[in-house]
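Asker: Chains as they are written, first to last, in this note's numbering: chain A, 1 to 434; chain B, 1001 to 1434; chain C, 2001 to 2434; chain D, 3001 to 3117; chain E, 4001 to 4117; chain F, 5001 to 5117.
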Amino acid sequence: MSALPIAQAAAEIDTGDTAWMLVATALVLMMTPALGLFYAGLVRSKNTLNTFMMCVGAIAVAGVVWALVGYSLAFDGDGSLIGGLGYVGLNDVTFIPREGTTIPHLLFMAFQATFCIITAALVSGAVVERMRFGPFLIFVALWSILVYSVLAHWSFGGGWLAAGGTLDFAGGIPVEMGSGFSALAAALVVGARKDYGRQALLPHNAVYVLLGAGLLWFGWFGFNGGSGFSTGDPSVLAFVNTLLTPACSLVVWFALDLIRGRKVTAIGAATAIIVGCVLITPAGGFVSPGWAMVLGAVGALPCYAMIVWRPRTRVDETLDVLAAHGIAGFTGILFIGLFASLAWNGIADGLFFGNASQLGDQALAALVTPLYAFGMTYALLRVMGLFTSLRATEHDEAVGMDVVQHGEEAYASGEGAILVLPDADGEVLVADPS
Amino acid sequence: MSALPIAQAAAEIDTGDTAWMLVATALVLMMTPALGLFYAGLVRSKNTLNTFMMCVGAIAVAGVVWALVGYSLAFDGDGSLIGGLGYVGLNDVTFIPREGTTIPHLLFMAFQATFCIITAALVSGAVVERMRFGPFLIFVALWSILVYSVLAHWSFGGGWLAAGGTLDFAGGIPVEMGSGFSALAAALVVGARKDYGRQALLPHNAVYVLLGAGLLWFGWFGFNGGSGFSTGDPSVLAFVNTLLTPACSLVVWFALDLIRGRKVTAIGAATAIIVGCVLITPAGGFVSPGWAMVLGAVGALPCYAMIVWRPRTRVDETLDVLAAHGIAGFTGILFIGLFASLAWNGIADGLFFGNASQLGDQALAALVTPLYAFGMTYALLRVMGLFTSLRATEHDEAVGMDVVQHGEEAYASGEGAILVLPDADGEVLVADPS
Amino acid sequence: MSALPIAQAAAEIDTGDTAWMLVATALVLMMTPALGLFYAGLVRSKNTLNTFMMCVGAIAVAGVVWALVGYSLAFDGDGSLIGGLGYVGLNDVTFIPREGTTIPHLLFMAFQATFCIITAALVSGAVVERMRFGPFLIFVALWSILVYSVLAHWSFGGGWLAAGGTLDFAGGIPVEMGSGFSALAAALVVGARKDYGRQALLPHNAVYVLLGAGLLWFGWFGFNGGSGFSTGDPSVLAFVNTLLTPACSLVVWFALDLIRGRKVTAIGAATAIIVGCVLITPAGGFVSPGWAMVLGAVGALPCYAMIVWRPRTRVDETLDVLAAHGIAGFTGILFIGLFASLAWNGIADGLFFGNASQLGDQALAALVTPLYAFGMTYALLRVMGLFTSLRATEHDEAVGMDVVQHGEEAYASGEGAILVLPDADGEVLVADPS
Amino acid sequence: MKLVIGIVRPEKANDVLEALYRAEVRGVSMSRVQGHGGELDRVETYRGTTVKVGLEDKTRFEIAVSDEFVQPTIDALCDGGRTGEVGDGKIFVVPLERAVRIRTGESDQAAVTPVAK
Amino acid sequence: MKLVIGIVRPEKANDVLEALYRAEVRGVSMSRVQGHGGELDRVETYRGTTVKVGLEDKTRFEIAVSDEFVQPTIDALCDGGRTGEVGDGKIFVVPLERAVRIRTGESDQAAVTPVAK
Amino acid sequence: MKLVIGIVRPEKANDVLEALYRAEVRGVSMSRVQGHGGELDRVETYRGTTVKVGLEDKTRFEIAVSDEFVQPTIDALCDGGRTGEVGDGKIFVVPLERAVRIRTGESDQAAVTPVAK
Ligand SMILES: Nc1ncnc2c1ncn2[C@@H]1O[C@H](COP(=O)(O)OP(=O)(O)O)[C@@H](O)[C@H]1O
Ligand SMILES: Nc1ncnc2c1ncn2[C@@H]1O[C@H](COP(=O)(O)OP(=O)(O)O)[C@@H](O)[C@H]1O
Ligand SMILES: Nc1ncnc2c1ncn2[C@@H]1O[C@H](COP(=O)(O)OP(=O)(O)O)[C@@H](O)[C@H]1O
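#1: Would you mind reading off the limits of the alpha helix (DSSP H) that contains R1262/B?
#2: Exposed or buried, I2259/C, counting other C-beta atoms within 10 Å across all chains shown (16 or more means buried)?
#3: Using the rule of at least 16 other Cβ atoms within 10 Å of the residue's Cβ for burial, across every protein chain shown, is R382/A buried or exposed?
#4: So Y2196/C packs on D2014/C, CB below 8 Å; how close in whole Å?
#5: Residues in the same chain with beta-carbon distance under 6 Å from A2010/C, minus the five sequence neighbours each way, listed in chain order, please.
#6: Quick check on L5020/F: does DSSP put it in helix, strand or coil?
#7: So which residues of chain G does D4088/E contact, with C-beta pairs closer than 9 Å?
#8: Smallest Cα separation from A266/A: which of R1198/B, M1401/B, G1016/B and V1088/B?
#9: Please tell me whether A4064/E has its Cβ less than 8 Å away from any Cβ of chain F.
#10: What does R44/A reach in chain E if we use C-beta pairs closer than 9 Å?
#11: Consult DSSP for T15/A and reduce its assignment to one of helix, strand or coil.
#12: Can D4079/E be considered in contact with ligand 2, in the sense that its beta carbon sits closer than 7 Å to one or more heavy atoms?
#13: DSSP puts P3095/D in a beta bridge; with which residues?
#14: In chain E, what lies closer than 7 Å to A1435/B by C-beta?
#15: Could you confirm whether any beta carbon from chain E is found closer than 8 Å to the beta carbon of L1049/B?
#16: Is H4036/E a contact residue of ligand 2, with contact defined as CB to any heavy atom under 7 Å?
#17: Exposed or buried, which one is Q4119/E when buried takes at least 16 other CB atoms within 10 Å?
#18: Where are the alpha helix (DSSP H) runs, 4 residues long or more, that stay fully inside the segment 1087 to 1140 of chain B, in chain order?
#19: What separation, rounded to the nearest whole angstrom, lies between the Cα atoms of V5100/F and R3042/D?
#20: Would you say the beta carbon of A1417/B is closer than 7 Å to some non-hydrogen atom of ligand 2?
#21: Suppose only complete runs of 4+ residues qualify. What are the alpha helix (DSSP H) ranges in the segment 1062 to 1086 of chain B, listed by chain order?
#22: Is there a C-beta anywhere in chain C that falls below 8 Å from the one on A1410/B?
#23: Quick one: residues in its chain with C-beta nearer than 6 Å to the C-beta of L244/A, no 5 flanking neighbours on either side, listed in chain order?
#24: Taking the alpha carbon of L1151/B as the reference point, which residue from T1166/B, I1418/B and L1202/B has its own alpha carbon closest?
#25: List the residues of chain D whose Cβ lies closer than 8 Å to the Cβ of Q4034/E, in chain order.
#26: 8 Å is my cut-off, CB to CB: does I2418/C come that close to chain B?
#27: Going by the CB atoms, is the gap between L5055/F and G5035/F shorter than 8 Å?
#28: Please name the residue in L2279/C, F2254/C, R2193/C and K2263/C whose C-alpha comes closest to that of F2223/C.
#29: Relative to the C-alpha of C55/A, which candidate in G36/A, Y71/A and L42/A has its C-alpha closest?
#30: Closer than 8 Å between beta carbons: that is the criterion. Which residues of the segment 1194 to 1223 of chain B meet it against chain F?
#31: Throw me the rounded Cβ distance for the G2326/C and A2183/C pair, which I believe falls under 8 Å.
#32: Since F1353/B is in the beta strand (DSSP E), which residue starts that stretch and which ends it?
#33: Verify the contact flag: A3064/D, CB atom, against every heavy atom of ligand 2, threshold strictly below 7 Å.
#34: Contact defined as beta carbons within less than 8 Å: I believe W1344/B pairs with L1237/B. What is the distance between those atoms, to the nearest angstrom?
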C-alpha cells in the first residue's frame, strides 16, 4: 500500500475537523455494542447472549468485509449504480483527504465503516431468538455488500440518487430504510418464533433497554454530527437537531402511551428515543431547529401506529426494526422534501419554501430504497435457505439460543456444573470434588 | 427563523473549540441516562423503571421547555434578575457565535440545554419510590423555568450574581446548589416513603450504581471541561481538576468508611466520585491542580457527615441529593473565595492569595441560592399539591411504582403472563395456548 | 505552583489537537470503570463488588500517587533508568506544552495518568475473588511507582529503551506487558482460589462482560488514537487500526472457537476484542492498515492458545491478564520489528521492509520488560506478605468478598434485613417494625 | 386435603396454568427450580474452562387442594406439562393436615377448596 | 413434628420474621415464589404486546417445628403477614417424619425444637 | 415413598450432587433459599443505612425416593453438605403418597425408584 509523503497530505487537513471526526467515529462504533445491549434487554433471558452476539458478529464480519471490498464499492468513483474496485483492500486509502473534505481519507473510511457495521447489526432485530448464528454471519457478509454498499453508493458515494439531487444527510436511505425494509424481508423468510402470537414473549431486562437507548442516543451525536465530515455549520445543525428531535418524540410518545394505555411505558420511551434519532438522521443538516422539533413530534405518529399494529399480524419482525428505522427513515427523507430550508443548509429549499422538485427527489428515494432493500434481502435469504437451514429447531428454540448456539448462559450460577479437566495431553477427566 | 449568511458566521468560529464543545455537549447529555442508571441501582427492584424514567422524563420535558423558553430566560440579555424573551422558540439562535465565544450560538444553546436537563433529573432523587410520574413531569416543566433558568441567569447569563463578581465555573449555583436544596424541599413536601425509618430499603443493584458513577464521571469531563466554551487554558484546568479532585475524594471516603465501619463500601465509593465531581464543578477553572486536590480531600468531609446523619432524621431525601450536590456545591463555591488563584485563572485571587472580597461574593451566592432554590421549589410543589396528589397511595407504593405507574416490570419473566390479542377491529381475545 | 503568563503558553497550542486530547483523556479514564464491569461479570456474584472496587480503588490510589510522584519519575528529564523529581506534586506542570507537543503540559500529564490507572487496575484480574482489599490498595500505590513509572520512563519518558530506538506507540511495554507479567507474579504469590481446579467457577453475568468489552474498545480509540498527542497522521493511523485489528481478531477467534468447541462463545468474543485492541496498542502508529489486519488475525493465535492452556495448570491467574495483555503486548511489540513501515510512520521500517535492527530493538524490550515486571511485582508482594496477609481466609472466600470485605451485597433484596437505627447520640436501637 | 407438587418445563408453565384454570383450580404458588433427572448433561465452555451441566431449569408448582380436587389437578399438570420427551417432570402428592387463610384465619377446606372462592 | 409452609406478601416478610423471632421460632427457610389466588389480574404493555399477569410475587416460608410449636408458628405467620386485603396468603401444615441436623447428624426434636438451640 | 428435603450451603451444593450421584439417587430438584438458623447476624452498610442481616443463602434439595432410598439419600446429604460449622443445614423427611411421571403418566415407584431409570 503506497502512501504519499506525509507533509503533502497534512496541508489540507484541519485539526479541529479531524479531532471531531475521530470522536464521531469512535461514538458510532460504540453504538453497536449499545445496540447489542438494547436488543439483549428486549429478548427473553435464554436468548440474551445470542442477541448481543449478533451485534458483535456484525462488527467483526461487516467490519472486515467493508475494509476489503465494501468501502470501495460504495465510495470509489461516481458510477451511477455501484462504485469501483480502486479501494479494494484499502488500496490508495491514505492520509490525503478525499475531494472536498478536510480529514484524512483513512479516517473517512473508518467513519463510514462504523455505519455499515451498525446497519447490519440493526437487521438482526428481525430474526433474534431463532436464527442460527453461523448463517447470520454469512448473511451479514453478503448483505453488507449487496445491500448496504449499493445503497451507500447511491446516496453518499456519488451514485444516481445523490447525483439526481436526493438529499440524505446521515443515512436515511442506506442505514434506516436499508435496515428497516431488509428486516421485514428477513422476518418473512426466517419465519416467526414458534410461540409468537400464542405466548407472552417479554423483555427480560428493561434497564438494559433504557441504558442501551441512552448510549445509542449518545453515539448518534457522532452519527449525525459527524456526517458533515467537519465542524462546519451543517454538522452543528445536525448535531443540535439530534438533541431537539428525540426530545419532542419522547414527549409525543408519552402522550400516545397515555392515550392508549393510561400509562407512560419505559420500553416505549426507549423506543421513542431511537425513533427520534432516526427521524432526524436524514434531515439533520437540512432543516431548521424549529422544523426539527416538529419532525420529532409529527414523525413519531406513524412509527407508533406501526409498533402497535405489527404484533397483531402474523409477521414476527421481532424488535420492530421496520417501525423504528424503516418508517422513521422514510418519514425523515420525505420531510426534507417538505421543509428543507436554504437559509439553514445553504443547499436547497423544500416544497414548503417553494421548491417542489426537492420533494420529488426525496419521494423517488423513499420509493426505490424500500423496494431494493426488501427485494435483495428477500432473495439473498431465500438463496441462502437453499444451502443451509436459517433457523434453529423448535427444540433448540425452546431450550434457548444461548445454550444451543454458544454453549453459554448469560447468568450462570455454577450450581450443578461439574468441571471437566483436560490433562496435559488433552485427555478428559472429571474433577472429583472432595 | 432567520439565519444570517453562513460565511459570515464561520469567520469567528474556531474548529478546535467547536469540536470540543460538540463532544462536551454529547457527554453531558449522556450523563442523564447515566444518572438514571445510578439512581435505578439505588432503589428497590420494584421501582427500578420509574426511577430511571424520571431521568428520561427530564430529558424530554426539560429539553423541550428549554428550547421554547428556558434558554431565552436564562441567556437573553443581561437583566439582573431574569433574561429576556428574544430567544423564545430559538428565535435568532443561529450559527453566529455569542459575544466572546468561538462556537456557533446554536451549539452553545444545546450545551446549556443539557445542563438544565440533568439538573432537573437530579432533583428526582429526593422523591423516587413514591412520587407519581405525571405530576413529576409537570414539576420538571415548571421547575426548569422557575428555578433553573433563574439561577442560570444569575450565575451564567449576566445576572446580578455574575455581575457582582461571584465566580462559578460550571454550575455550582444553578446545578449543584440548585438541585440539592430543591431536593430537600421536594422531600419535605412529598413526604417520606411509608416504610422509611422502619424497614431496610436497600439498593437492588450496586453494579448499576458503580457503572452509573463511572459514566457520570466520564460525562463530567465534558460538563466541567466544556464550561470554558473552548479548548483554552481555563477549560483544560477545569478538565484536569475533574480528574484530580474526585480521586482525592475517593481516597478520603475510603478512609472515612474504614474509620466508621471498618469496611470500604462500594456504594460509598460511587458516592465519593459524584461528590468529588460536584466539589470541583464551581471551582474547576479557578483553582490550581494542587488546591483542587485539597478541595477533593477536605470537601468530602461535610458531605460524608451529612450522608451519615440525614437517615437518622425524619427527612426521607431518598438518594441524598442534598449531601452529594447541595453541600458539595456549597463547599466548592466557598472554596473559590478562599483559594482561587489569579496565576491560574487570570481573573481573580481568593482570600488565601490576598483578595478577601472574592470570599464575600462567593458567600453571598452560597447564602442566596439555597434560600431561593428551597423556597421556590417548596412553594411550587405545595401549589401543585392543591391540584393533584403528588404521591402514590400506600397500596401502590407497596406494589411498586413500575407496575403501577408504567404497567411494566424491569425484570419480566413472562411466566404467568397471558397474551392479550386484539384482533383487527381492536376487539380483545385471549390467546388459547394449545 | 507558578504558572507562566497564559498568553505565552497559548502560542504553541493547537486547538484541534487539544480538543482531541481532552476527549482521549476522558475516554481512557472511562476505560477503568468499563474494566470494572468487564471483570465483575467474569467472577461469581458473591465477589462482584469487590472485583469492581479493585478498579475503582486503582483510580483513587494510582491517580493520586501519579500526581504526587509517579508522573515526575516517568516523565521528568531523560535519565536512562528513571526520571527526576522536578514534577513532584505537579510542580512546574502548567499550560506550556512539553517539548514537541501542541497541547498544554497539564493535559499531557492527565492523559498519562489515565494510563497508569488502568494498568494498575488490569493487574487485579489475577487476584480477584481472594485478595484482601486493603493490601491491594497498598500494592497499587507501590506498584504504580516501582513498576509502572519505571517502565513508562523507559518506553515513553526518554529512558533507555526509547533512546535505544525501541518503538512502542501506546504502551505495549508499560501497560500491556507490564500488567500481564505482573499479573502472573501476583497470581503466584497470592495463590489460587480454594476451589480452583476442583469446582466450576463461572462468570455470573456475561452481559456485563460484553458491554464492558464494548466500552473498553470505545475507550481504546482514545488510548491508541491519543498516543500521538495530536490529530496528526500517526494518531489517525493508530485510531483506524484500532478499528481494523480487533475486527480481524474477532473473526479469527470465532473460527478458533468453532474448531475447538463447535460453538462461537460470547465470553470468547469479548476476550477477542480486548486481545485485538492490545495487539495494536504498541504497533498502532507504525504499521499500515493492511498489516494491522494481519496482526489482528495472526496475533490472536498465541493468546487463544494461552487462554486454553493456562487453566490446565495450577496457576490461577484468574482473568487471564497474562494471555490477553502480556502475550498480546509481547506479540505487538515484536510485530513492529517485522512490519513497521516508514512510508506510513515516517520513522522506521521493520525487518520485512529491510530494517533488521528494528527487530533487535523490539526483541530487547520484549525480553527485558517481562523480566522486570514479573521480578519486581513478585518481590513487592513477597515483601508485603511479610507484614500482612494478602488474601482472605478460606471461610471468608466461601462467604464471598463482597460481604466480607465491603459489608455489602451486589444484589440486595432487603429481605431479612433489620434496620439498625442509631439515635441522635449514636446509640443503637433496633427498629421495631409495627 | 393434599399438597400437590408439580415440576414441569418452564416453557410449559403457562400451559399448565391454563389447564389448572380450566380445571377450576384457583390457588397456586410457583417457583423456579433446577432439576436433574434422566436428561443428558450439556457441555458449556467459558474461556479455558469446560463444564458439564446436569441441571435443567424447571418450574415448580405447589398446589393445596381438597381431596376431590387431587386428580383433576394431577391431570391438569400432566396435560399442560407433557411434551413426551425426557425431562417433562414429576408430580408429588403429600398429605396436608391443615390449611389456613392468613387474611381471615379460616382453616382447612375453606382455605383451599376452590369452589369456596 | 410438622413442616409449616407459609406464603405471604414480600413486603410483609420482615414483619413475619420479626413475629417468628418473638415466638422464639428460630429455624426458618424462605424463598421467592409467584402466586395466583383471588387477586385480580393486572395488565402490562410492552410495545405492541399487551399481557394479563395473574401472578403476584410472594415469599414462601418453610419452618420445621415440634408439635407444640405449630400453633405459635401459625399465629406468628398470621400476625406478621396479615393486611386484610385479598392476597395475604396461606399457611399449610404437613406432617414431618424425620428431621436431621447435617452438622451433627442428630435427629428429630433436637434438630428442630427451637429451645434446643 | 418419602419426599426428602435438604437445606445445605450453596458452596456445598455440587458436593451434595456428587454424593447423591454416587448413591445412585438420580432425580433431584434444587432451588435457592435464604435461611435463618443458629448463625450470627452480619452487619451491612449502605450510605447512612446500617442493617443487620440474619439470612444466609442456602440451597434447597427436594428429592422423592422410595423407602429403601431414604437413608442413603440422607447420608449423601450429610456427607456432601457437612463442614462442621454452624449453618450446615437440615434435612426433613415428609411422607409421599403419590408420585407421577408427567411424560408417561406412570405412577409411584416407577416414577421415583432410581433404578427404574
Ligand atoms: N425423584 C425426584 N425428586 C425430585 N425431583 C425430581 C425427581 N425426579 C425428577 N425430578 C424433577 O423432574 C425433572 C424431570 O425429570 P426427568 O427424569 O428428567 O424427566 P422424565 O420424568 O421425563 O424422565 C427433573 O429435572 C427434576 O427437576
Ligand atoms: N391452594 C393454594 N395452593 C398453593 N398456594 C396458594 C393456594 N391458595 C393461595 N395460595 C397462595 O397464596 C397467595 C394469596 O392467596 P389469595 O387467595 O390470593 O389471597 P387470600 O388468601 O387472601 O384469598 C397466592 O398468591 C398463592 O401464592
Ligand atoms: N427449623 C427449621 N426449619 C426450616 N429450615 C431450617 C430450620 N432450621 C434450620 N433451617 C435451615 O438450615 C440452615 C442452617 O441451620 P442452622 O441452625 O443455622 O445450622 P445448624 O443446623 O448447623 O445449627 C438455616 O439457614 C435454615 O435455612
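Note that beta-carbon positions come from the ideal geometry of N, C-alpha and C, so glycine has one too. In this text the structure is predicted, and so the values were computed from the model without any measurement.
Answerer: So, from the data block:
#1: Segment: none, R1262/B is in no alpha helix (DSSP H) and carries neither H nor E.
#2: exposed
#3: exposed
#4: Not really, about 52 Å apart at Cβ, beyond 8 Å.
#5: Here A2010/C scores only 45 on pLDDT, less than 50, and its place in the model should not be relied on; the value that follows carries that caveat. Closer than 6 Å at the Cβ level, and outside the excluded window around A2010/C, lies no residue.
#6: helix
#7: Note that chain G does not occur in the displayed structure, where the protein chains are A, B, C, D, E and F.
#8: M1401/B
#9: yes
#10: What R44/A touches in chain E: nothing, since even the nearest Cβ is about 12 Å away.
#11: helix
#12: no
#13: K3002/D
#14: What is shown of chain B runs 1001 to 1434, which leaves residue 1435/B out entirely.
#15: no
#16: yes
#17: Lying before the first or after the last residue shown, residue 4119/E is absent from chain E, which here runs from 4001 to 4117.
#18: 1105 to 1123
#19: 26 Å
#20: no
#21: 1071 to 1075
#22: no
#23: P289, A292 and M293
#24: T1166/B
#25: S3029, M3030 and S3031
#26: yes
#27: yes
#28: L2279/C
#29: G36/A
#30: A1200, L1201, L1202 and P1203
#31: 7 Å
#32: Segment: none, F1353/B is in no beta strand (DSSP E) and carries neither H nor E.
#33: yes
#34: 6 Å
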